[in-house]
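A.B. asks: Just so you know, the protein sequences line up as chains A and B, in that order. First residue of the first sequence? That's 88 in this note's numbering, and the numbers climb one at a time after it. First residue of the second sequence? That's 4 in this note's numbering, and the numbers climb one at a time after it.
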Amino acid sequence: MGTNSNTLVKLKNAGYQQNDKWLVKGVSLEVEKGKIVTLIGPNGSGKSTTAKIALGIYKKFDGEVEKYTNKIGYVPQKVSIDWTLPLRVKDFMVLTENLKDDAIDEALSLTGVVHLKNKNLGNLSGGEFQRVLLARAISKKPDLLVLDEPVQGVDFTGEIALYELIKKISEELNCGILLISHDLHTVMSATDHVVCLNGHVCCSGSPIDVAKNNEYKALFGEQAAQTLSIYEHKHDHVHSHEGEIKKN
Amino acid sequence: MFDDFFIRALVAGIGVAFVTGPLGCFVVWRRLSYFGDTLSHSALLGVTMAYSFEFNIAISVFIISSVIALILIQLQRKTNLPGDALLGLLAHSSLAVGLVVIGFLTFIRFDIMGLLFGDILAVTVNDLIIIWAGGALILLVLKLIWKPLFASTVNYELAEAEGLNPDRAKAIFTILMAAIIAISIKMVGLLLITGMLIIPAAMARNISDTPQKMVLFSIIGGLLSVIIGLFSSLEFNTASGPSIITASLVLFILSLLKIKQSIQLKN
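1) Please name the residues in the segment 182 to 205 of chain B whose beta-carbon is closer than 8 angstroms to at least one beta-carbon of chain A, in chain order.
2) What would DSSP say about V118(A), mapped onto helix, strand or coil?
3) So, using beta-carbon positions, are G224(B) and P203(B) closer together than 8 angstroms?
4) Would you please state the rounded distance, in angstroms, between the beta carbons of I267(A) and G160(A)? I believe it to be under 8 angstroms.
5) To which residues does DSSP link Y145(A) through a beta bridge?
6) Would DSSP call D107(A) helix, strand or coil?
7) Does DSSP classify L182(A) as helix, strand or coil?
8) So which residues of chain A does A174(B) contact, with C-beta pairs closer than 9 angstroms?
9) Could you pull out every unbroken alpha helix (DSSP H) segment of at least 4 residues lying fully inside the segment 111 to 143 of chain B, listed in chain order?
10) Please state whether DSSP places S167(A) in a helix, a strand or coil.
11) Between the beta-carbon of I201(B) and the beta-carbon of G91(B), is there less than 8 angstroms?
12) Counting only beta-carbon atoms, is V166(A) nearer than 8 angstroms to chain B?
13) For P85(B), go through chain A and note every residue whose CB falls closer than 8 angstroms to its CB, in chain order.
14) Taking only beta-carbon atoms, is G213(A) less than 8 angstroms away from chain B?
15) Would you say N300(A) faces chain B, with C-beta separation under 8 angstroms as the test?
16) If I'm right that A46(B) touches V70(B) with Cβ under 8 angstroms, what's the distance once you round it to whole angstroms?
17) At what residues does the alpha helix (DSSP H) containing H202(A) begin and finish?
18) For a test of the three-state rule: what should DSSP assign to R218(A), helix, strand or coil?
19) Between S125(A) and chain B, is the shortest Cβ-Cβ distance under 8 angstroms, so that the two count as touching?
20) Under the assumption that S221(B) contacts L233(B) (Cβ atoms under 8 angstroms), give the Cβ distance between them as a whole number of angstroms.
21) Who are the near neighbours of V96(A) in its chain, counting only those whose CB is closer than 8 angstroms to its CB and skipping five residues on each side?
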């Protein structure tokens, strides 16, 4: 993989160990402008760890990380807001960047939660909070978005809409996205590149390549087979206007 | 006008309250009240150093508290003891060593009670200058690191990922804590400084729905505590520190009524 001017972040053989145990090892990947790279894998396979290595949250990692941007939007997997901190949605929106009021409104409208702007963050439901997290990450118009299970707890219709939004954002802002998801068939339809992790990279490539990979099938079993059929099914039907998939 | 000891105490206390207000909010948000205790207990050692070497008390306390904070950070990295055990270890050992050193300094007459609980008679014009100049500097630095410090208080990983350098903000904040303890020790006394930091902030939490409001109410609560506390200290001849803290406790209790109200409204 040669580095080109579109590269936003690049991991070369990256790994991280904690208490003498490798959480993840030997990960190489590259996120480019306008591309969505998705990490999949079972619990504890090192998806979040990989994201945190890429973000620079973990500092004592193995291997190399090259980062070509500082404009980053991050949706962590877990955020808990303490009661001791009185924080409204709009205070949270300006946490790392000073935004004008209409920029806040715009981002919150995109994820469908502008009506919650003056609400206390602690009073939101899981799905609402997730939408606010996503709105905050995109509001600063980042070059690189790192989304760690961004739609957890969001209802089914909302989930589809949010994945569509994520895809739209990557096109409109031309930003690169590193996505972590459990939702295999959404991943397969909206991603440019899939990295399947299980403590190491067990396979990677375009969604269709990964879906056909035997290691992937072994890892995800039944679900993988279904995903593959859903994917191919979908592929047959929406062939004409989902050219992006075919491109890979 | 600064000839009168009471005016000096009042001006000093007001200066302290402006700084403890916002710092206290961070102490509450970041759960640092025991850390504040540790730093302020170590201040006794700083005071003894000041007397031994005829040095300015505030500067000496600032240096010793900063050193203790650094030792704490090192111990956290190098040992497997839990944070609160390390804090307790440092708090009590530095308090003990401070008291032992006082025992050796027989040539100086110490007002231990004044040290532990504050003494409004002791505030000099020099102290006023240190409190107001030092306080202004602390607030200025806090304003500069506000964004990264606040963001990392909400979520460390978000702040780190989005390039705000929370570790640096945390280190600077630790120094600010040592500084506020140094400038307020004469007023409140070293056993009660943490109270001055957390009680007005806790009161403010009960009546605020945004971080900015909480900071504002925390400052107002601190100012009221100082004014009420000092007047009653004068009236009843009680030590200044306990009087100020008691006043802030009364304000806290009053703020609980507001919580009770809003809970009733919700139901």
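No residue lacks a Cβ here, since even glycine has one placed at the ideal position from N, Cα and C.
C.D. replies: Quick answer:
1) Answer in chain order: no residues at all.
2) Counting from one through the first sequence, the residue named residue 118(A) turns up at place 31. For V118(A), the secondary structure class from DSSP, reduced to helix, strand or coil, is strand.
3) Translated into positions along the second sequence, residue 224(B) becomes position 221. Translated into positions along the second sequence, residue 203(B) becomes position 200. Contact: yes.
4) Sequence index remark: in the first sequence, residue 267(A) carries index 180 (1-based). Sequence index remark: in the first sequence, residue 160(A) carries index 73 (1-based). So it is not a contact: roughly 14 angstroms between Cβ atoms.
5) Sequence index remark: in the first sequence, residue 145(A) carries index 58 (1-based). DSSP lists no partner for Y145(A).
6) The residue given as residue 107(A) occupies position 20 in the first sequence. Coil at D107(A), not helix or strand.
7) Translated into positions along the first sequence, residue 182(A) becomes position 95. Looking at L182(A) - three-state DSSP - the assignment turns out to be coil, as it is neither helix nor strand.
8) In the second sequence, the residue the question calls residue 174(B) occupies position 171. Per Cβ cutoff of 9 angstroms: no residues; A174(B) is ~15 angstroms from chain A at best.
9) 115 to 120
10) Taking the first residue of the first sequence as position 1, residue 167(A) is located at position 80. If DSSP states are grouped into helix, strand and coil, S167(A) belongs with coil.
11) As a working note, residue 201(B) is residue 198 in the second sequence. As a working note, residue 91(B) is residue 88 in the second sequence. No, they are not a contact pair.
12) Sequence index remark: in the first sequence, residue 166(A) carries index 79 (1-based). Yes, because at least one Cβ of chain B sits closer than 8 angstroms to the Cβ of V166(A).
13) Within the second sequence, numbered from 1, the residue matching residue 85(B) stands at position 82. By Cβ distance, chain A contributes nothing, its closest Cβ being about 16 angstroms from P85(B), past 8 angstroms.
14) Position 126 of the first sequence, counting from 1, holds the residue named residue 213(A). Not an interface residue.
15) Position 213 of the first sequence, counting from 1, holds the residue named residue 300(A). No, N300(A) lies away from the interface with chain B (no Cβ there is under 8 angstroms from its Cβ).
16) What you label residue 46(B) is simply residue 43 of the second sequence in a count that begins at 1. What you label residue 70(B) is simply residue 67 of the second sequence in a count that begins at 1. Their Cβ separation, rounded to whole angstroms, is 11 angstroms, which puts A46(B) and V70(B) out of contact at 8 angstroms.
17) Counting from one through the first sequence, the residue named residue 202(A) turns up at place 115. Taken as a continuous stretch (DSSP letters only), H202(A) belongs to no alpha helix (DSSP H), as it is neither H nor E.
18) Within the first sequence, residue 218(A) is the residue found at index 131, counting from 1. Helix, per DSSP.
19) Taking the first sequence and counting its residues from 1, one reaches residue 125(A) at position 38. The question names Ser, yet the displayed sequence has Thr at residue 125(A). So no, T125(A) is outside the interface.
20) The count along the second sequence starts at 1 and reaches residue 221(B) at position 218. The count along the second sequence starts at 1 and reaches residue 233(B) at position 230. The pair is not a contact, with the Cβ atoms about 19 angstroms apart (cut-off 8 angstroms).
21) Here residue 96(A) refers to the residue found at position 9 when the first sequence is read from its first residue. Contacts found: E117, V118, A141, V152, E153, K154, Y155, T156, L231, G263, L265.
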